[in-house]
Structure formats: structure tokens, C-alpha cells
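Respectively, the protein sequence lines represent chains A and B. The first sequence stops at residue 323 when you use the working numbering, and every number in between is there. The second sequence stops at residue 152 when you use the working numbering, and every number in between is there.
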Amino acid sequence: MSAFARVRELLRAELRQPAPQQLNTWHILGGLTLWLLFLEITTGILLMVYYRPSVDEAYESVLYIMNDVQLGWLVHEIHRWGAQLFILLVLVHLVRVYFHEAYRERELNWVVGVLLLLVVGAFAFTGTLLVWDQKAFWSTDAVRRVIAGVPLVGRAILYFLWGGTELGAGALLRFYVFHVGLLPWVAIGLVMAHLYLVSRQGLFHRTQLTRSPQTYADVILSGLIWVVLSFGIVLTLAVIFPRELSDRADPLTYESVKPPWYFLPAYGLLRLIPKAAGVAGAALGVLGLLAAPWLGRNSWVAWGLGMLGIAAVALLAAYGWRW
Amino acid sequence: MNEKEAQGGYERRTFLSNLLGGALTVGVVGVIGAILAYLFPAERRVFNPARRRMRVARLDEIPIGKGKQVLFDGEPVWVLHLKGGWMALSAICTHQGCIVQWDEKRLTLSCPCHAGLFDANGNVLAGPPRRPLKRLRVSTVQGEIFIGPGEG
């Protein structure tokens, strides 16, 4: 038997393993985010071929990608819409795990997952600036003003993340380095830890497992269908709703910009209460999310806290969107 | 289940798995083709700001001591014919961004807003500006003047 045939036989044997009956569409969400991460990394590497992270060339090079490179607009739009869907699916995955109480006895993996959520937020935040248009510039500058207002550590954070107290060439290069040089490795490391813990701890409690007719081949096939479907959704959105860049970033012409939808809750919070308190509130929210498995030891308490959290986030987002 | 049905089921399964494999192959080939098209440099439109340039005038259109104001990349630029050669300077004052004017008699550029004064090389002579005017590259090709971004 050739090596290829042997590998195929081994894979087939694995695929024929019976899968737990409870395994359903909800459990595909996590894998689907992994696929979108792969899509983002692939399109991101492609964009790096033509992108130039300097104040003089960033905007022009993005325009060049969108207008002159063959299929450049498509790669750019897939990267942008893929990121939107990625964030959405990560959030749905988090809510799914929370309300299925899948974090029980997997507290560490919950924490890794929340850290991954923060990394995704950092990806979105640093990536937005790179196109260097007015919208990107002023939405990032709004965050700079908030951080500058944080007592004691605010300026130190700015020096580290922005490379100074102003948004300029140094900040653009740093954001680029974070976006393509640092965050991918952090994300890949955390994803590996996340997956290792999943395979180590299993999807279900041993006591819950029942015999079922479905095999892992069925699960993977339906997962594949979702992969193709999500790619189709991203492609459709990319073709039908491409984004026009606004004007080139101009530090002298202020423009009031709303943050993207995924930052609306934080934006609403900062609008609602004074800046320093708002930052503290957002930090508390993240800490609460990290500590969720320990806060909700009782199922009813966990359910109530979850509902309260979602209601609070939704209200803050609505407030931020409205004002 | 008799043998014939088993035979039919087997054929259907083979057909479906071939269909799936074929569809995946077509999809992967399509994606790889798209990536190759993306990576293939766009013909004669390679992004290179250093090579971008704009025609200003014929050499004999601007006598020595005269200047011509043009728009380059949306930015006003003074192209000056000096005794020593050509000079292209951004017309945007480095103080508050007003447009500087060329004075043919004194060979200076003056800013109407806050009385900033620059010499014909863009260096500050007087007034509130601290940095010299931005210089652009000038080249003469076949009796015509071109300007482009970057010092020179």
C-alpha cells in the first residue's frame, strides 16, 4: 500500500468515528471563525504585497489596490467584509458558549476565548487606520483623545501604541506593525491553545454522550457547507457593497466620525459618562467577561447575568448609534 | 436490500463524492487563478510615486526671473526660473498653510497672511515660519519642464 493510500485510509477511519448526537450547527461556529481567520490572513498577505505603510503613500497605495491591481478591489473588500463577519461570528460563538454553559469545567478555555475576542478587537482597530482616509484618521484620533484623558497611564500608553502623543507617521507604522507583525502571532498562539484545550477537554461531558448514527464525516461535510456559504456571503457583500474611501487623511480638517458597529457599545459608554469613568467601566466590563465562569456558578444566576449583559451592551450600542 | 440496490447506492455515492471533489477542485483552481491575477503586476501602471511627474511648460515659456504657479496633486506649486537653474517649491506656507506669492523683483516668496518671507530656494528669511518650503523635483526633458514629488 502506498503512503498516500495509507494516509487516506487513516483519515477515512477517523471520519467513520461516530460523533455525539448533540453535535449540531451551533458547534460549527467556532470552526467557522477559524476559517474566516484563515481567509483574513490570506487576503491580508495579498494586500501586503501592494500596501505601503507611510503617511505619504498609504492612501495612494490603497487607491492603487482598489483601482489598478487586477481583482485588487475584490481582495480588499473580502478582507473588509470578512473581518465584519469574523467579528460577528466570534460574538455569536461567545454568546452560544455562554448560554449553553459550555464554559463549565473549561474556565481556562473561556479565558483564552475572551483574550481572542480582545485580539480580534485590536485587529479591527489597527486595521481600520491603515487606509489612512479621513474616516479612519478621525475615528482613531477620537480614541487617542480618550486615552490621553486617562490619568497616570494615559500618556505612557500613547507613547507605546501611537509612538507619540499625536496621530501621524509614527502611529501609522506602529499600527501596521501591530496589525501584520504582532497580532497574527498572538492570535495564532491563542487559537492553538484554544483548540488544544477543546480537543483535550472534549465537547461534552462523558455522562452526556449517547450513541448516535452521525459520524464525523457528516459533521465535517456540514461544516464545509457552512464554509462555502460564508465565503459566498462575504463575496456577495464585497461585490454589492464595496466601500468608497473618504478623502485622504488631513490632520487639519476635523471630521466627526461614528465608530464601526462593533465599537458602538464602548462609544455609547464614553458618551454616557465622563471619559475616565467610561474607560474604567469598559475595563470592568472586560474583567466581568473574563470572570463570567466564576460569577455564574448557578445556572439561573448565569442566565440572568448573561441577559443583563446583552441588554446593557445593546442599550449602550443603541445610545452610541443614536448620539 | 438486494444486490442491485446496493449496487445503485454505491454508484450514487461515487457520483456524489466525485461531484464534491470536482466542485472543490474547480473552486480551488479558481481561487488560485484569482490570486495569480492579483499578484501579476498591472501593466505600465505600477505604483511608483517617484516616477509620477507632470508637465509644467516649455522651457522658453518662462524667462529667467519669472515663475509659474501650477497645481500638482491638488497642491499649488511655484516653478521658478532662476539664474542658476530651475526650482519647484510648494506654494503652501509652512506656518499656517496660506499660499505664498512670487516676487519677481526681490526674488522672494512672501506669505500674505502673517508676512512670512522665503528666498528663492525656499529657505526662511523672516516671519513666523520655521521650516523651509517643501521642494519638488524638477527635470527638463526635450525642451519641456516636468515636476515630480521628492527632493531634487
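By construction, the Cβ of each residue, glycine as well, lies at the ideal position given by its N, Cα and C atoms. Bear in mind the structure is a predicted one, so any value in this text is a computation, not a measurement.
Measure from the alpha carbon of residue i to the alpha carbon of each residue in the options, then state which is nearest.
| i | options | result |
| --- | --- | --- |
| residue 143 of chain A | A:133, A:131 and A:157 | A:157 |
| residue 76 of chain A | A:285, A:131 and A:26 | A:131 |
| residue 203 of chain A | A:109, A:171 and A:319 | A:109 |
| residue 174 of chain A | A:125, A:278 and A:281 | A:125 |
| residue 116 of chain B | B:129, B:108 and B:122 | B:129 |
| residue 307 of chain A | A:162, A:253 and A:95 | A:95 |
| residue 135 of chain A | A:245, A:309 and A:269 | A:245 |
| residue 141 of chain A | A:128, A:151 and A:67 | A:128 |
| residue 72 of chain B | B:54, B:120, B:82 and B:80 | B:54 |
| residue 254 of chain A | A:138, A:321 and A:172 | A:138 |
| residue 184 of chain A | A:291, A:20 and A:45 | A:45 |
| residue 35 of chain A | A:87, A:15, A:5 and A:62 | A:87 |
| residue 133 of chain A | A:61, A:161 and A:148 | A:61 |
| residue 98 of chain B | B:83, B:67, B:79 and B:133 | B:133 |
| residue 123 of chain A | A:188, A:274 and A:290 | A:188 |
| residue 56 of chain A | A:20, A:145, A:284 and A:250 | A:250 |
| residue 234 of chain A | A:32, A:21 and A:222 | A:32 |
| residue 51 of chain A | A:259, A:112 and A:177 | A:177 |
| residue 215 of chain A | A:15, A:10 and A:7 | A:15 |
| residue 196 of chain A | A:270, A:100, A:13 and A:112 | A:112 |
| residue 219 of chain A | A:161, A:292 and A:21 | A:21 |
| residue 90 of chain A | A:27, A:67 and A:163 | A:27 |
| residue 67 of chain A | A:168, A:242 and A:278 | A:242 |
| residue 28 of chain B | A:83, A:259, A:228 and A:9 | A:228 |
| residue 83 of chain B | B:64, B:100 and B:76 | B:64 |
| residue 102 of chain A | A:198, A:7 and A:79 | A:198 |
| residue 40 of chain A | A:17, A:120 and A:258 | A:120 |
| residue 326 of chain A | A:264, A:114 and A:78 | The displayed coordinates of chain A run from 1 to 323. Any statement about residue 326 of chain A would go beyond what the structure contains. |
According to DSSP, is residue i part of a helix, a strand, or is it coil?
| i | result |
| --- | --- |
| residue 76 of chain B | strand |
| residue 81 of chain B | strand |
| residue 101 of chain A | coil |
| residue 17 of chain A | coil |
| residue 301 of chain A | helix |
| residue 118 of chain B | strand |
| residue 273 of chain A | coil |
| residue 291 of chain A | coil |
| residue 106 of chain A | coil |
| residue 96 of chain B | coil |
| residue 112 of chain A | helix |
| residue 127 of chain B | coil |
| residue 56 of chain B | strand |
| residue 150 of chain A | coil |
| residue 128 of chain A | helix |
| residue 236 of chain A | helix |
| residue 260 of chain A | coil |
| residue 254 of chain A | coil |
| residue 327 of chain A | Nothing about residue 327 of chain A can be reported from this structure: the residues present for chain A run from 1 to 323 only. |
| residue 63 of chain B | coil |
| residue 4 of chain A | helix |
| residue 123 of chain A | helix |
| residue 81 of chain A | helix |
| residue 41 of chain B | coil |
Could you work out which residues of chain B lie near residue i, taking near to mean beta carbons separated by less than 7 Å?
| i | result |
| --- | --- |
| residue 46 of chain A | 35 and 38 |
| residue 75 of chain A | 38 |
Who are the neighbours of residue i on chain B, taking C-beta pairs under 8 Å?
| i | result |
| --- | --- |
| residue 72 of chain A | 38 |
Give me whichever residues DSSP pairs with residue i in a beta bridge.
| i | result |
| --- | --- |
| residue 230 of chain A | Paired residues: none, contrary to the question. |
| residue 87 of chain B | B:80 |
| residue 22 of chain A | Answer is none; residue 22 of chain A lacks a bridge partner. |
| residue 140 of chain B | B:145 |
| residue 248 of chain A | A:133 |
| residue 108 of chain B | B:103 and B:119 |
| residue 69 of chain B | B:78 |
| residue 135 of chain B | B:89 |
Along chain B, in chain order, which residues have C-beta atoms closer than 9 Å to that of residue i?
| i | result |
| --- | --- |
| residue 49 of chain A | 38 and 39 |
Using 6 Å as the cut-off, classify the Cβ of residue i as near or not near the heavy atoms of the ligand GTP, replying yes or no.
| i | result |
| --- | --- |
| residue 241 of chain A | Absence of the ligand GTP from the depicted structure is noted, as is the absence of any ligand whatsoever, leaving it without description. |
Uninterrupted alpha helix (DSSP H) stretches inside the stretch 7 to 36 of chain B (no shorter than 4 residues): Fully enclosed alpha helix (DSSP H) runs of 4 or longer: not present.
- request: Let me know the alpha helix (DSSP H) ranges lying completely inside the stretch 154 to 225 of chain A, each 4 residues or longer, listed in chain order.
  value: Counting only runs of at least 4 residues, the stretch 154 to 225 of chain A fully encloses the following alpha helix (DSSP H) elements, listed from N- to C-terminal order: 154 to 161, 169 to 177 and 183 to 201.
query: Which runs of the alpha helix (DSSP H) fall wholly inside the stretch 23 to 73 of chain A and span at least 4 residues, in chain order?
result: Taking only runs of at least 4 residues, the alpha helix (DSSP H) segments lying wholly in the stretch 23 to 73 of chain A are 28 to 48 and 58 to 67.
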